[in-house]
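Accompanying notes for the structure given below.
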Amino acid sequence: MTATPGAVHVATDETGVTAGAARAKAFASLVSRSGAVAVLVVLLIIGAIFDKGFIHLDNLRNIALSASYIGLITAGMTFVIISGGIDLSVGSVFALGVLTSAFMSEYGSFWTIVVTLACCAAAGLLQGAIIAWLRLPPFIVTFAGLTAARGLVYYMTQEGNLVPKVPGHKSFETLGQGTLFTIGWPVWICLIVFAVGWWLLNRTAFGQAVQTVGGNDTAAELMGLPVKRVKVLVYVISGLCAGLAGILLTASSGGGNEARVGDQYELTAIAAVVIGGTLLSGGVGSMVGSLAGITLWFVIDNLVTQGLQFNPQDELVVSGGFLLVVVVLQTLLSRRAATVEVH
Amino acid sequence: MTAVTPGEVTSRIRAPRITADWVRDKGVYIALVLLIVFNVLFTPHFNEFSNVQLIMRQVAAVLIVSLGMLMVIGTGGIDLSVGATMAIAGSVLGLAVSDGAAVSGGLGLDLTLSIILAILAGLLVGLFNGFVVGVLGVQPLVATLSLLVAGRGLALVLTSGGLVQLFIPGLNKLSVNNLWGLPYVIVIALVLVAIVAVLVRRTTFGYRLVAIGGNRRASVLAGLPVRRTIITVYALSGALAAIAGIIATARTHAADPSYLGLGYELNAITAVVVGGSALAGGKVRVLGTVAGAVLMQVLTSTLAAHNYKDSQTEIVQAAIIIAAVYIQRSSRSSE
Amino acid sequence: MTTANQQPTLSVLGASKRFAGVIALNDVSIDLWPGEVHALVGENGAGKSTLIKLITGVYQLDEGEVRYQGEVAHFRSPRDAQLAGIQTIYQEVHLAPQLSVARNVFLGREPHRWGSIDLRRMNRESAEILARYGIVADVKRPLGELGLGVQQMVAVARAVSADAGVVIMDEPTSSLEPREVDKLLNVVGLLKEQGVAIVYVSHKLDEIFRACDKVTVLRDGKLVSTGPVAELNRLQLISRMLGRDASDLETSRTQFGRDSEIAAEEPVLVVKDLARRLVLDDISLVVRPGEVVGLAGLLGSGRSETAKAIFGAMPLDAGSVTMNGHTYARNTPASRIHSGVALLPEDRKVEGIIPGMSIKDNIALASLDQLSRAGFVSRKKQDEIVDIFMKRLRIKASGPDQKVQELSGGNQQKVLLARLLCLNPKVLLLDEPTRGIDVGAKAEVQALVAELAAKGMGVVLISSELEEVVEGSDTVLVLRDGAALGSLFGDEISEDAIMTMIAGAAADESEAAH
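First to last, the protein sequences are chains A, B and C.
Under the working numbering, think of the first position of the first sequence as 1, with each following residue one higher.
Under the working numbering, think of the first position of the second sequence as 1001, with each following residue one higher.
Under the working numbering, think of the first position of the third sequence as 2001, with each following residue one higher.
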């Protein structure tokens, strides 16, 4: 950034980068990759020291369980945002998943899961197809998706008057209420989805394509990657994740969720992804970061409302403020890295 | 060209182009007129003046928020925090005007002063957004998203999480009284429409706003004050949202920070986009936005009057949004 | 090689392409032979990139055909072309900067093991590939953390590691250091030995003479000449690129006889030692009132960058700009405009017009402050000034309210000129004022520039057409690779002298390199 007269002749290292630029870039990427994890660790330590109730196993278990539904949605959202898009419809599609699975539950676990996932994947597919083939902006398409899917949910429930219950199917309820090593199934499933997501993103050709498309879709096109197919698929993944989260909520609660369930979940999911170091402009992001981001969101909530005995509204201010600090830092860091670089 | 007469050329080349442009340019007005004609013919009680007044009362707040959103979108940005800003303005108004004895922290101020304070609060939120977007360079979507979350929290904190009942004669007048048959709130909205229209079309600020959204790089090279313009746009959006917040508060006789303005950001974006302005910026249509806001409101009333359920209305709304963007998109690529 | 020589790897026959009625490429044919490096040269808008995009499936032909390995090829997308064996390296590195070097090399054809990408094999093989071409880089690091030169070399490695029949390099050396250029040319040599046909787009003469076997010159979408490099000397090649036959070089001369008058004036603009790594190397120039300073040089010589730097539109490592004796600390276009400098940008569409705005609003845009009172734009004042300039510049339109995007290129350019003239500038920086506009508009613009200078405005004129610079300038600064080679004044200015200067420097440098 500093314009010194000698800068023209700055020594370059072996790879032809100025040392300052390399340092700035490495630092910026370190902060955005590991920042959320680091803050999470610090918060856990602070919580453990100052808040007796926080570190209690029941409390941690509850945090994990309540985070796991939006956590699943966050995993799908991570793919969409890395590909350069955004999915505002996830809260509504989640609700679609919750109620479809509740209505379907009388036909047995298998059909419940298959039909629900198919519905939610179809919602993603439709939106993805409009975005990729008609080339409409993802923001507005998924906003319409948000409205339409919510409308569908209200229609299914006769304007929210129907609150379906699960008729005591043992196996289906185990999915939501069962535990493994004292930790609830939804938490395990969420972790598994994140692991699979990590694998997809980092160890498959599809993941490479998602990152490249998000970075620069013209470049991806010129490199011969199937840009349109990738764009459609990320919205299908997002729909599937939201649907799975919906199934788990129905299973764990035994139904009884109203049609407005999941309202504004998209905002939390987007916030968690951004806090996790994924750039909203696309291309750069990580599943580990998103996992840390959503955990952080719920840990902050817990510490503020339980630990500090603040009101729930203070939690919103803290979370929103935290999100703001994160995005400002990200912007400033990436800008600095860009200006230090020679071109 | 030499083989055909000029008349043939125009008819062959012009005819399809005019239709595409015409639909894009006038689409929202055509839709609105058709909908109104339909209502006049088939909807019972539609053309009673009380019903028209009701629609005006319902649309005023969304319309005012849409005006601010329109200018923000005009520069190529977006403001998701408007709903939260409405809530903040409602809370500030509630606190300022209430008696300290009735509400903890109440200031018991004069209504006019309270309203000014509430608008200032919105302006402040907007200035903050403008600073984060224009100076720090954060993407508008995330910058205003964080204020969407924090702003609603702030509104709740102000009223300690509760709802502030407001039975103030002045506020009640604002929401129920009419001027020459027109509800006060729609008069306010129309005055603001006129002001924004003048701002956009007649002032240096308006010219710059459109230019920045149309081609940011060229605007920088033409020496325009890009940062200042962007900050102003967000500040205005905040102030307009605050006015809408006051109107909504008056309508419900309460400052309800949990629900006031909830979802308004999306309604406003819908009005702007359906009104024919480009989501990418550079095309600002004030009258189109008015028509867009009215269209969505009349559509809701119509479907309700014909016993369609809210859920079905929502699905129709979604389809209209997609159609509006698609018409924009396809005619732009033909140019 | 003898067997392969029987048919060209790729032939383009009579290729034509139009965009919105404008002919971008007109009946161009070339043959690419195995083991041959084919240089493709020409100024901006000559049709080089259109030709490449037709070959690589980005665009589809309007007329003509592409034959690949003897058969007619229909590439519908870049993917098709790549699968067939046509690899392209673009000038701007089109890779994924956030992914590691190894992942970039194998992007789209990753080696798999048990359903997962085989990272170990990918890292090992990409390191081998890079090493084979003499590139040292940590393959596990994100590509974006490396220098642009290395990134460019990775793009090359990616292209050549696939079994390519044709490799197209679009200005591959524009962001490379000299020693990196040597490495790249070594890679070109290796590919040549493997029998790959190489298209080498460049405007750097020494590279063309060092590495290429044949050269095709394009101008205005048409084929000017094609043939062995050995049959041309530098001067002949330059004259073909710039649009003159060597035979009628002597004819044109500067028409102004006011040199001595101008020299007596105090300079209005003084530019000292503008520098930016790899872009500009200590450029200095002086503009006096009424003087037209031409910047001559080939594409990529730093012509446009100099104008942008003077205008404060490009970050600099060093240098100062002084207007009327004031050196301004703030380097922004707004402060430059305030001090009396105006820039007509090179790329009309991207940097100039606001497409959706009307003609009159586009014209008034930069001078809104002067046309308004208390923030309100005076319609009357705006209409007056717009009317004056629409008449003076003879802007052809249905009216001042017509949208700028509907105008022809020449009229769009006039709108931009009007925007600048409204500011009443003391110095006008004109970057390619006549590119892509029709002959009539061109003559009008040139006459306008002469008229403005005669009235005392200082002008910096940049053009890829040498004739325009020679005829229009009082002083010419000759640039090459971001550095000034020297100045020509008055009678010294001729196309011959400029081209000799460019060629001479190129010859010097390539001799020095050996």
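Every residue gets a Cβ at the ideal spot worked out from N, C-alpha and C, and that includes glycine.
Quick caveat, the model's predicted, so the values are computed rather than measured.
Under 8 Å Cβ-Cβ, which residues of chain B neighbour Ser281/A? Gln1139
Under 7 Å between C-beta atoms, does Ala2397/C make it to chain B? no
So, is His2074/C buried or exposed, given that buried needs 16 or more other C-beta atoms within 10 angstroms? exposed
Measure from the alpha carbon of Ala205/A to the alpha carbon of each residue in Trp188/A, Ala102/A, Gly224/A, then state which is nearest. Gly224/A
Any idea if Val1198/B is buried or exposed, counting beta-carbon neighbours within 10 angstroms, 16 or more meaning buried? exposed
By the three-class DSSP mapping on this structure, what secondary structure does Asp2282/C have? strand
According to DSSP, is Ala2484/C helix, strand or coil? strand
Quickly, what does DSSP pair Asn1039/B with across the bridge? List them, please. Paired residues: none, contrary to the question.
Any chain C beta carbon closer than 7 Å to Lys1283/B: yes
Along chain B, in chain order, which residues have C-beta atoms closer than 8 Å to that of Val2292/C? In chain order: nothing, as chain B lies at least about 22 Å away.
Got a sec: is the Cβ-Cβ distance from Ala205/A to anything in chain C below 7 Å? yes
Using a C-beta cutoff of 7 Å, does Asn1129/B count as contacting chain C? no
With which residues is Gln1165/B paired in a DSSP beta bridge? Ala1254/B
Name the one or two DSSP bridge partners that Leu2218/C has. Leu2223/C
In whole angstroms, give me the CA-to-CA distance for Val1092/B and Asn2331/C. 43 Å
At 8 Å on the CB atoms, spell out the chain A contacts of His2581/C, in chain order. Residue 2581/C lies beyond the stretch modelled for chain C, which goes from 2001 to 2514, so this question has no answer here.
Partner residues on chain A for Glu2110/C, Cβ-Cβ distance less than 7 Å: Ala205, Gln208
Among Ser1311/B, Thr1302/B, Ile1320/B, Leu1287/B, nearest to Asn161/A - alpha-carbon criterion: Ser1311/B
Can a CB atom of chain B be found closer than 7 Å to the CB of Val227/A? no
According to DSSP, is Ser2011/C helix, strand or coil? strand
8 Å CB neighbourhood of Leu57/A in its chain, flanking five on each side removed: Thr182
What's the gap between the Cα of Gly2490/C and the Cα of Val2292/C? 11 Å
Return the chain-ordered ranges of every beta strand (DSSP E) run that is complete within the region 2269 to 2327 of chain C and spans a minimum of 3 residues. 2269 to 2276, 2280 to 2287, 2292 to 2296, 2318 to 2323
From the beta carbon of Thr212/A, is the nearest beta carbon of chain C less than 7 Å away? yes
Contacts of Ile2117/C in chain A (Cβ-Cβ under 9 Å): Asn202, Arg203, Thr204, Ala205, Gly207, Gln208
If I measure Cβ to Cβ from Phe1167/B and keep anything under 8 Å in the same chain, skipping five residues before and after, which residues do I get? His1253
For a contact defined as C-beta to C-beta under 8 Å, what are the partners of Pro2078/C on chain A? Glu221, Leu222, Met223, Gly224
Threshold first: 4 residues or longer. Then list the alpha helix (DSSP H) segments lying entirely within the region 2117 to 2153 of chain C, N to C. 2119 to 2132
Let me make sure I understand the geometry here. Which of Lys231/A, Gly215/A, Ile46/A has the alpha-carbon closest to that of Leu280/A? Gly215/A
State the Cα-Cα distance for the pair Thr2434/C and Ile1119/B, rounded to the nearest angstrom. 52 Å
Between Gly2149/C, Arg2132/C, Ser2408/C, Ser2126/C, which lies nearest to Asp1976/C when the distance is taken from Cα to Cα? Nothing can be reported for residue 1976/C: it is not among the residues displayed for chain C, which extend from 2001 to 2514.
At a CB-CB cut-off below 7 Å, which residues of chain B make contact with Met2357/C? Val1210, Ala1211, Gly1214
Out of Ala1271/B, Ile1243/B, Gly1206/B, which one is the CA nearest neighbour of Val1298/B? Ala1271/B
Collapsed DSSP secondary structure at Gln2087/C in the structure displayed: strand
So with Cβ pairs under 7 Å, would you call Val328/A a contact of chain C? no
For Leu2351/C, which residues in chain B fall below 7 Å Cβ to Cβ? First, the amino acid is wrong: residue 2351/C is Glu here, not Leu. Per Cβ cutoff of 7 Å: Arg1217, Ala1218, Leu1221.
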